[in-house]
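Down below is the structure, laid out as structure tokens.
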Amino acid sequence: MTATLEAPAALCAGVPATATDGLQVPVPNGWIDYANFDHAASTPALRSVMAAVERVVSGYGSVHRGNGHPSRMTSRGYDAAREEVGRFVGVRDDDHVVFTRNTTDAWNLLSHALPQDTTVVAFASEHHSTLLPWGAHRTVTLGVPATVADGIRALDAALGAVTTQHCLVVVAGASNVTGEVWPIAEIVAVARRHGARVALDAAQLAPHRRIDLAAWDVDYVAFSGHKVYAPYGTGVLAGRGDWLDTAAPYLPGGGATVSVTASEVVWAIGPERHEGGTPNVVGTVALAAACAALQEHRADIALYEHALGARLRRGLAAIPGVHLHTLFGSAVDQVAVVAFTVDGLDAGVVSAALSAEYGIGVRDGRFCAHRLVDHLLAGQSGTVGAGGQSGMPSGRPREVAAVRASLGLATRPHHVERLIAAVADLATRGPALRYVRSGAGWELPDVSGPATGARLW
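Heads up, the working numbering is the position in the sequence shown plus 148, with the first residue counted as 1.
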């Protein structure tokens, strides 16, 4: 086994604290601090974000709908949140920052705003929220490329064949399955040669790397608050205002209008046009607080995640029977996301055992990127469970699924060592407990004693 991380305390020194730091979870022999390797699905809130939320809820009023002191202060906070998020993604002076529910909602808004004669081009490796919202437009889905160069060539050829007046290239900044960072500068250069615009899905990039629309010459960006250490319910679409200002309102209603008469509705120009109704001020302030914290600690976060991610990949790769899956190989830049499989074990059993037996949270499945996972695991069908492994019936068809470990600010160096050791145990001896198939997943044994109920309030 390769060497463990050096000077773990020094690595943690500049990393912002999360609300779940110190969280204890049950395992068969008691309780253990939770090892969070599921940041790619949802991140825990930062403590600074919790403090911002507390300040809002202790005295908020209606946004742009009242003259009382709470309303005025809340309206100022909401407007300031929009400015903070704009700085976070490096908007241009004439760009719009529109608050949405999440990344999927943001892409559906952009799809709604596209001119009628538009072709959308995307790779099959994208997340479903990037692939699926464009149904009203002509779409060209490129195959999963074998190399970065192959992808650029395929994109160039596809754009050269576009005959519509407008074209939009939609691409992830980083893969939600493998963590590989796409060559944004090269993609933008190809798009510009053909007069196409570029929309960047930054859901997996924004938690880890700087985003700069202006410097990168990217037209649109979308991401979710729950990926950048804010609570659920708020997302962002930021970018050029022309298509947004000429589109019909995405959510017609109060706040989206300038005036309404019996004969005419004059819609607002700017973000408000698509933000009908009372906004989620708590969510937007939380998002802004998270963006500010990530910007402030960007260098420390990058160093921390690089060290932990490199150690995790080295450790898992050294385990016999464990396979790491990538699009383009280890030479490509990656954020802290690792996809792997274990010989003889369903991904769901690995995930369940890591949780129930080791207090480790990962995700298993196809990660809303079915075409990519099917491509990565194309040669790994067959059967599992040669007998003797708890919970694994012999000869049953193997699922097309992987395990995803995604670390972040709630992951500690000793959690990385625990995960590597746990996967080594599972690869060698299999799970210690029995796991029963339940619907699409695996039922975890109850190791926590009597149930305390599901209510969180």
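Just so you know, even glycine gets a beta-carbon here, dropped at the ideal spot from N, CA and C.
In this structure, LEU472 is the residue among PHE476, ASP573, LEU472 with its C-alpha nearest to the C-alpha of VAL551. In the displayed model, LEU262 falls within coil according to three-state DSSP, outside both helix and strand. Judged by beta-carbon spacing, VAL288 lies within the 8 Å limit of THR267, meaning their Cβ atoms are closer than that value. Excluding sequence positions up to five before and after LEU348, its CB lies within less than 6 Å of the CB of GLY321, VAL366, VAL369, all in the same chain and listed in chain order. 8 Å or more divides the Cβ of LEU493 from the Cβ of LEU592. ASN184 is not a Cβ neighbour of ALA500, given a cutoff of 8 Å. The three-state reading of DSSP puts ALA183 in strand, counting E and B together. For ARG240, the closest C-alpha among the options VAL584, ASP360, PRO379 is that of ASP360.
The beta carbon of ALA339 is closer than 6 Å to those of VAL317, VAL346 in its chain, skipping five residues each way along the sequence. Of ARG577, VAL584, PRO419, GLY513, the smallest CA-CA separation from ASP186 is found for GLY513. The beta carbon of VAL245 sits closer than 7 Å to those of ARG230, VAL233, GLY234, VAL239, VAL384, ALA386, PRO419, all from its chain and outside the five residues before and after it, given in chain order. Cβ neighbours of LEU524 within its own chain (closer than 6 Å, five residues either side excluded): HIS473.
Boundaries around GLN443 are those of the alpha helix (DSSP H), 429-444, since no beta strand (DSSP E) includes it. Inter-residue distance for ASP491 and ARG341 is about 45 Å (C-alpha atoms, whole angstroms). When the alpha-carbon of ALA337 is set against those of HIS314, GLU328, VAL325, ARG301, the nearest one is in ARG301. SER277 is not a Cβ neighbour of SER323, given a cutoff of 8 Å. For GLY343, there is no enclosing beta strand (DSSP E), as DSSP marks it with neither H nor E.
TRP415 is bridged by DSSP to THR405. Around the beta carbon of ARG577, fewer than 16 other beta carbons lie within 10 angstroms, which makes this residue exposed. A Cβ-Cβ separation of about 4 Å places ASP481 in contact with VAL329 under the 8 Å criterion. Remark: C-beta atoms of ALA188 and SER478 do not approach each other more closely than 8 Å. If you look at THR289, you'll find it in the beta strand (DSSP E) that goes 286-290. Sequence-distant Cβ neighbours of ASN250 in its own chain, meaning closer than 6 Å and more than five residues away, are SER372, GLY383. When rounded, the separation of the alpha-carbon atoms in VAL433 and GLY225 is 7 Å. Per DSSP, PHE236 lies in no beta strand (DSSP E) segment; the continuous alpha helix (DSSP H) that holds it begins and ends at 217-237. For ARG446 and GLY556, the gap between their C-alpha atoms comes out near 13 Å. Under the three-pair Cβ rule at 8 Å, the stretch 188-203 counts as touching the stretch 426-443. Residue burial is scored here from C-beta neighbours: LEU604 has fewer than 16 other C-beta atoms within 10 angstroms and is therefore classed as exposed. In terms of Cβ geometry, GLY424 and GLY401 form a close pair [threshold 8 Å]. Here ALA484 is buried: its Cβ has 16 or more other Cβ atoms, across all protein chains shown, within 10 Å.
Contact check for TYR398 and HIS260: beta-carbon distance about 5 Å, within the 8 Å limit, so the pair qualifies. Listed in chain order, the non-local C-beta contacts of SER503 below 7 Å within the same chain comprise GLY509, LEU592, local neighbours out to five positions each way being set aside.
In chain order, SER273, GLU274, HIS275, HIS276, SER323, ASN324, VAL325 place their CB closer than 8 Å to the CB of ALA517, counting only its own chain and leaving out the 5 sequence neighbours on each side. Taking GLY327 as the centre and dropping the five residues before and after it, the same chain places the C-beta of GLN482, VAL483, VAL485 closer than 6 Å to its C-beta, in chain order.
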